[in-house]
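Have a look at the structure below, then the notes.
Chains as they are written, first to last, in my numbering: chain W, 1 to 216; chain V, 1 to 320.
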């Protein structure tokens with residue numbers, strides 16, 4: 001049996017499986033924090049970890065389409081919105097750690113920070129741009145916008161990922177290994193899309209608008 | 001007419017519905033457990049490894065809890081597990097493990113340049129030049145965190161007096177050991193190594209400037225710069241160069257590693273100053289390790305009374 005013949009038989013359970021697995025890092029982060037296992041600087045650790053997780057989930061959501069085309073497992077698309085929402089979830093936690101542990105809700109300070117520090121501004125912009133994507137991730141919103149418009153809007157995810165990687169580059173001191181690794185992954189994911197745009201695959205009819213999630 | 005056909009499968013062989021569903025639930029539970037374990041392992045092994053804190057020594061912790069300034073000492077376990085030592089790794093939590101096999105004996109320190117009596121000291125001879133003192137200093141990292149650390153060591157001035165600097169010596173240059181084979185992060189630090197630092201001679205001669213060989217009354221651990229490091233408490237932490245093998249007196253300002261890496265961001269002086277922001281982040285506040293709220297950063301890290309005189313008539317914004 002070829003990989004492409006692998007059918008998604010139990011969609012509801014698969015969805016639960018993906019949902020719980022995406023939540024695992026958050027659960028571990030919080031329990032490690034509660035148990036005092038995050039080292040000498042737990043607050044900065046949480047800020048870094050949530051930022052990394054946001055970036056990883058964003059890249060994972062951008063990996064769905066290439067993976068789907070390469071494996072011809074079309075049902076993979078069913079998990080894309082969920083993974084994208086998790087990217088927003090971790091980004092929100094990242095933002096929360098910043099305004100809480102870093103600025104202690106001093107909004108004047110946050111405003112000056114955003115204006116003066118490019119890496120804050122870039123991160124902030126990514127967070128704001130992710131908001132409409134999160135809001136329009138319901139079945140209802142997909143219907144209201146129509147598949148075409150929805151797809152167009154959600155191309156913003158590419159920009160968010162670019163901003164996220166830029167944010168990372170701007171904040172490291174000298175060792176760019178990690179931001180470079182994420183930049184390479186992102187370049188591959190975006191490069192794939194450019195390639196497809198110029199050399200569209202002839203066979204197969206791949207729709208990238210999301211299929212509605214069945215009601216539970 | 002109804003023709004009775006023999007069933008392919010005997011009814012006794014059909015899995016009862018109850019068993020069928022319980023088997024499915026069993027597989028589901030297995031998938032759930034297996035995948036979450038794998039995700040958890042991926043997360044902890046690769047994305048956010050739990051910082052290793054295995055240098056906890058109860059004897060050490062029991063000593064002194066409050067410094068002279070009334071500020072609590074940072075726990076030994078935190079000081080020895082949260083380090084910036086790029087020759088080992090750029091991750092602060094991993095230095096201790098990677099520096100475990102770093103060889104610090106025998107060790108020599110060469111003091112040369114514009115001096116009457118250049119000399120290569122054996123470490124123990126150097127440490128015996130004068131009585132070791134305990135000094136409790138604040139340490140403020142340029143990244144925005146700080147600690148209160150009880151160092152043991154000798155004033156740098158004691159060593160410099162010993163070699164008799166020339167009248168035209170105006171600066172002191174320091175160099176960290178060049179030991180790529182012992183330092184696993186050597187090629188991925190993003191820095192031009194070996195690490196070099198420098199002070200003006202009057203800064204080097206200042207009574208606060210310390211050559212530290214111990215921490216909490218014990219020999220300095222490798223991750224903290226064993227066997228001998230500089231401690232200049234009114235400057236950002238990176239000025240306090242670790243694992244020193246060479247001290248050279250010169251008549252011109254020596255190059256310094258972080259200044260070479262990013263001249264706009266790290267100046268030669270690098271005095272702690274809440275009013276002069278790092279180009280990418282503010283320096284107005286700091287997180288004292290162990291505290292929740294950020295505290296205000298003090299000019300010259302709270303040592304203005306002792307050191308501000310060194311910088312009279314100097315523009316601290318320009319000479320950052």
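All residues carry an ideal CB built from backbone N, CA and C; glycine is no exception.
In chain V, no part has a C-beta under 8 Å from the C-beta of residue 61(W); the shortest such distance is about 16 Å. Under the three-state reduction of DSSP, residue 159(V) is assigned to helix. In the structure shown, residue 206(V) falls within a coil segment according to DSSP collapsed to helix, strand and coil. Between residue 108(V) and the set 131(V), 123(V), 24(V) and 96(V), the nearest pair of CA atoms involves 123(V). In the DSSP assignment, residue 119(W) falls within the unbroken alpha helix (DSSP H) covering 118-135. Counting C-beta pairs closer than 8 Å gives fewer than three between the region 200-209 of chain V and the region 70-79 of chain V, which falls short of the contact rule. When 8 Å is used as the limit between beta carbons, residue 280(V) is near these residues of chain W: 117, 118, 119, 170 and 171, in chain order. Between the alpha carbons of residue 191(V) and residue 81(W) lies a gap of roughly 41 Å. Taking C-beta separations shorter than 7 Å and ignoring five residues to either side along the sequence, the partners of residue 240(V) in its chain run 229, 230, 231 and 232, following chain order. For residue 165(W), the enclosing alpha helix (DSSP H) covers residues 156-171. Uninterrupted beta strand (DSSP E) stretches at least 3 residues long and entirely within the region 134-185 of chain V occur at 145-155 and 171-176, given in chain order.
Taken through DSSP and simplified to helix, strand or coil, residue 36(V) comes out as helix.
The region 41-48 of chain W makes contact with the region 95-103 of chain W, as at least three CB pairs between them are under 8 Å. Not a single CB atom of chain V sits nearer than 7 Å to the CB of residue 97(W).
Annotation: the continuous alpha helix (DSSP H) that includes residue 50(W) extends over 42-71. Cβ contact annotation for residue 168(V) (same chain, cutoff 8 Å, sequence separation greater than five): 114 and 251, in chain order.
Between residue 60(W) and residue 84(W), the alpha-carbon positions lie close to 8 Å from each other. For residue 79(W), the nearest beta carbon of chain V is not closer than 7 Å to its own beta carbon. In terms of Cβ geometry, residue 91(W) and residue 33(W) do not form a close pair [threshold 7 Å]. Residues are counted here when their Cβ sits less than 9 Å from a Cβ of chain V; for the region 100-134 of chain W these are 101, 102, 103, 104, 109, 112, 113, 116, 117, 118, 119 and 120, given in chain order. Rounded to the nearest whole angstrom, the CA to CA distance from residue 28(W) to residue 142(V) is 30 Å. Burial state of residue 131(W) is exposed, judged by a 10 Å Cβ sphere holding fewer than 16 other Cβ atoms. Only residues of its own chain outside the window of five on either side were considered, and among them 169 have a CB closer than 8 Å to the CB of residue 176(W), listed in chain order. Contact annotation: residue 129(W) and residue 156(W) have beta-carbon atoms nearer than 7 Å.
Annotation for residue 15(V): no beta strand (DSSP E) segment contains it, and DSSP assigns it neither H nor E.
DSSP places residue 87(W) within a helical segment (H, G or I) once states are collapsed to three. It is roughly 18 Å from the alpha-carbon of residue 295(V) to the alpha-carbon of residue 271(V). Taking 7 Å as the Cβ-Cβ cut-off, the region 13-28 of chain W approaches chain V at 13, 17, 20, 21, 24, 25 and 28, given in chain order. The C-beta of residue 139(W) comes no closer than 7 Å to any C-beta of chain V. Where residue 112(V) is concerned, there is no enclosing alpha helix (DSSP H), although the beta strand (DSSP E) around it starts and stops at 108-113. For residue 120(V), the three-state secondary structure derived from DSSP is strand.
Where residue 247(V) is concerned, the enclosing beta strand (DSSP E) starts and stops at 244-250. In the structure shown, the three-state DSSP call for residue 257(V) is helix. Comparing alpha-carbon positions, the option among 280(V), 216(V), 175(V) and 273(V) lying closest to residue 244(V) turns out to be 175(V). Sequence-distant partners of residue 276(V) (beyond 5 residues in either direction) whose C-beta falls short of 8 Å from its own C-beta, in its chain, are 283, 316, 317 and 320. The DSSP-derived three-state label of residue 271(V) is strand.
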